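Q: Residue numbers (full-length UniProt numbering): 1 to 577.
1. Using 8 Å as the cut-off, can you tell me whether the stretch 391–401 makes contact with the stretch 359–371, which would need three or more C-beta pairs spanning the two stretches below that distance?
2. At 3 residues or longer, what runs of the beta strand (DSSP E) sit wholly inside the stretch 498–567?
3. Count the other CB atoms within 10 Å of the CB of residue 356; is the residue buried (16 or more) or exposed (fewer)?
4. If you follow the beta strand (DSSP E) that residue 392 is in, where does it begin and where does it stop?
5. According to DSSP, is residue 28 part of a helix, a strand, or is it coil?
6. What separation, rounded to the nearest whole angstrom, lies between the Cα atoms of residue 570 and residue 563?
7. Please work out which residues of its chain come closer than 7 Å, Cβ to Cβ, to residue 77, disregarding the five sequence neighbours upstream and downstream, and give them in chain order.
8. For the stretch 251–258 against the stretch 272–286, are there 3 or more C-beta pairs whose distance is under 8 Å?
9. Which residues bound the beta strand (DSSP E) around residue 106?
10. Leaving out five residues on either side along the sequence, give the residues of the same chain with a beta carbon under 6 Å from the beta carbon of residue 433.
11. Does residue 222 come out as helix, strand or coil in the three-state DSSP assignment?
12. Nearest to residue 209 by CA position, among 527, 324, 533, is which residue?
13. Is DSSP giving residue 437 helix, strand or coil here?
14. Can you tell me whether residue 572 is buried or exposed, with buried defined as 16 or more other CB within 10 angstroms of its CB?
15. Considering Cα atoms alone, identify which of 316, 328, 492, 552 is closest to residue 299.
16. Measuring straight from C-alpha to C-alpha, what distance separates residue 150 and residue 98?
17. May I ask which residues mark the beginning and end of the alpha helix (DSSP H) holding residue 479?
18. Give the DSSP-derived three-state secondary structure of residue 359 in the structure shown.
19. Do three or more CB pairs link the stretch 233–247 to the stretch 100–120 at distances below 8 Å?
20. How close, in whole Å, do the beta carbons of residue 56 and residue 409 come, if the pair is a contact with beta carbons under 8 Å?
21. Taking 8 Å as the threshold (C-beta atoms), are residue 537 and residue 474 in contact?
22. Using a Cβ-Cβ cut-off of 6 Å (strictly less than) and excluding sequence neighbours within five positions of residue 505, which residues of its own chain qualify?
23. How should residue 308 be labelled, buried or exposed, when 16 other C-beta atoms within 10 angstroms of its C-beta is the threshold for buried?
24. Got a sec? Which residues, its chain only, sit under 6 Å from residue 567 by beta carbon, not counting five neighbours each side?
25. For residue 423 and residue 435, I'd like the C-alpha separation in whole angstroms.
26. Compare the Cα-Cα distances from residue 515 to each of 338, 291, 478, 554 and report the closest residue.
27. Taking the continuous alpha helix (DSSP H) assigned at residue 493, which residues delimit it?
28. Would you mind sorting residue 580 into buried or exposed? The rule is 16 or more other CB atoms within 10 Å of its CB.
29. Quick check: the Cα distance between residue 416 and residue 545, rounded to an integer number of angstroms?
30. Could you work out which residue in 265, 190, 184, 137 is closest to residue 246 when comparing CA atoms only?
31. Just tell me which of 158, 444, 225 has its CA closest to the CA of residue 589.
32. Report yes or no: do the stretch 218–229 and the stretch 523–536 share at least 3 C-beta pairs separated by less than 8 Å?
33. Give me the Cα-Cα distance between residue 445 and residue 50, rounded to the nearest whole angstrom.
34. Tell me which same chain residues have a C-beta within less than 7 Å of the C-beta of residue 127, skipping the five on either side of it?
35. Compute the Euclidean distance between the alpha carbons of residue 450 and residue 401, then round it to the nearest angstrom.
36. Given that a residue counts as buried once 16 or more other Cβ atoms are within 10 Å of its Cβ, and exposed if not, what is residue 96?
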């Protein structure tokens, strides 16, 4: 048991290390992970020792941090008056002349097939149901709705009347299972939450998709409570990466990534509190948009990490990502924080051949932190391409990144523990990894959380200086430091805790979550047949620029995009009659 306790200490130490610090974290799988969870539950001093060794008390030593604590990650200067909020904005139409070119099915394929009456949403729904059965062993979907055919018939009638609700009308998508879909249980990856209590109404973003004619298929598999980045979940089975079925899809929106990369859907809706959209997008070779905090309504979603989480699409193409974003974003009276945002737009979306108006920054020291050399090679290629299009490439520094990692870890663990504690009577039903993390987080005190929010305020000021004073439009960095890792079989029964992999997956994600800024992951080719992703971050509310740069990168020559082969691909027959 002592060995397992030491393993827990070392694993949690890695979870909050600054990027520059070397560490050698153990890997804990199967029964040893269960023993570690029991130790932290039942031996009183263990959680305190583990949290201390895990550097979660690190900010207590920083009495020099006097910044104002911030819990709303939007600068006051970027807050719009709720009186100016614009509801029921018209859904934009994308230009067919500039449409994405991709080996994947896009909403364009569906929309053209329907408008030319080559097939109907009703026929496609039957094909989708067949594909769902064939793909069951991939563990991408947890639940499917019962009215797929009825939704499709309504869409078929709209196309028959030549009055589709949007270009996404009749397109089939999935939604991460921490968002309510009427008629389904919102279990957030657990074995027990909302048992026999299906949602009575849709989350706001799901309702917005329906109003655009989108057909909601069901909910996707995720990490339990989203408390890791690989979607290793014995409650549901681990989602398999279609590019290598022994590899992780990423997480916590793992089922979202797998279901899009495997061709079932052109887009899926994920949630991102610590990279949970951008990491699976990277591991699965997709576009993934983490929106500005409060850009998309959280109403009807599980409040796992309320000051960090945001929602957005994982998509096969830049067009699918951009149009889906435009549909789900915007104010919602049921979520007051969304009333603080400016108008949603796709300004300059097709301006992809001239970037002379943009300055793109890189932070070389950060970019080389623990990163696979193949990822850095792609980063250099992207810099050269953007420069050829007229962008100005500059180097910057981002101060206090080591504090960012700790502050994010303290914040997300505190907020997730707050959620988990609502289910104290069912604590033993949580998976061992969740119990381990909850036990460690329970050693934190109020001063740790407040100090983390002071760091949040400091980092927001750093970014304002970069975006405003230094006139930087975009920050370019890797999305992850690794490609999708292979998950050993021994992890599938009780789960895994591999902090070394976790921190390498999350290293470039935490800044955007802590400060609330938007970020997008774009496909950047492959290394040993596994996808690579690169990330752009922009100023608060500037998703339009991220969509534009994603579309620009989509047209970059020499960057391979290929769909999975063989039994891991399910998109071939979806549009057949």
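Backbone N, C-alpha and C define an ideal beta-carbon position, used for all residues, glycine too.
If you're wondering where the values come from, they're calculated on a predicted model, not measured in any experiment.
A: The answer reads as follows:
1. Judged by pairs of C-beta atoms under 8 Å, the stretch 391–401 touches the stretch 359–371, as three or more such pairs exist.
2. The DSSP assignment places complete beta strand (DSSP E) segments of no fewer than 3 residues inside the stretch 498–567 at 519–527, 530–537, in order along the chain.
3. Burial call: exposed.
4. First-last of the beta strand (DSSP E) with residue 392: 392–395.
5. In the displayed model, residue 28 falls within a strand according to three-state DSSP.
6. The alpha-carbon atoms of residue 570 and residue 563 are separated by roughly 10 Å.
7. Nothing meets the Cβ criterion.
8. Three or more Cβ pairs drawn from the stretch 251–258 and the stretch 272–286 lie within less than 8 Å of each other, which places the two stretches in contact.
9. Annotation: residue 106 is outside any beta strand (DSSP E) and is labelled neither H nor E by DSSP.
10. Its chain contains 495, 497 as the residues whose beta carbon lies nearer than 6 Å to that of residue 433, once the 5 sequence neighbours on both sides are disregarded; these appear in chain order.
11. Residue state, collapsed to three classes: coil.
12. The residue with the shortest Cα to Cα distance from residue 209 is 324.
13. Residue 437 falls in the helix class under three-state DSSP.
14. Result: exposed.
15. Taking the Cα of residue 299 as reference, the smallest distance to any Cα among 316, 328, 492, 552 is reached at 328.
16. The straight-line gap from Cα to Cα measures roughly 33 Å.
17. Counting along the chain, residue 479 falls outside any alpha helix (DSSP H), and DSSP gives it neither H nor E.
18. Residue 359: strand per DSSP, three-state reduction.
19. Between the stretch 233–247 and the stretch 100–120 there are fewer than three inter-stretch CB-CB distances shorter than 8 Å, so the stretches are not counted as touching.
20. Rounded to whole angstroms, the Cβ separation of residue 56 and residue 409 is 7 Å, and the two are in contact under 8 Å.
21. Yes, the Cβ-Cβ distance between residue 474 and residue 537 is below 8 Å.
22. 229, 279, 480, listed in sequence order.
23. Burial state of residue 308 is buried, judged by a 10 Å Cβ sphere holding 16 or more other Cβ atoms.
24. Within the same chain, residue 567 has no close Cβ partners at all.
25. In this structure, the straight-line span from the alpha carbon of residue 423 to that of residue 435 is close to 12 Å.
26. The shortest Cα separation from residue 515 among 338, 291, 478, 554 belongs to 291.
27. Element bounds for residue 493: 491–494.
28. Absent from the model: residue 580. The displayed extent of the chain is 1 to 577, so no value can be given.
29. Distance between the alpha carbons of residue 416 and residue 545: 31 Å.
30. Residue 246 has its Cα closest to that of 137, out of 265, 190, 184, 137.
31. Not covered by the structure: residue 589. The range shown for the chain is 1 to 577.
32. Look at the beta carbons and you see the stretch 218–229 not touching the stretch 523–536: under three pairs across the two are nearer than 8 Å.
33. Their Cα atoms are separated by approximately 14 Å.
34. These residues qualify, in order along the chain: 573, 574, 576.
35. Using only the alpha carbons, I get a separation of about 18 Å.
36. Exposed, since its Cβ has fewer than 16 Cβ neighbours within 10 Å.
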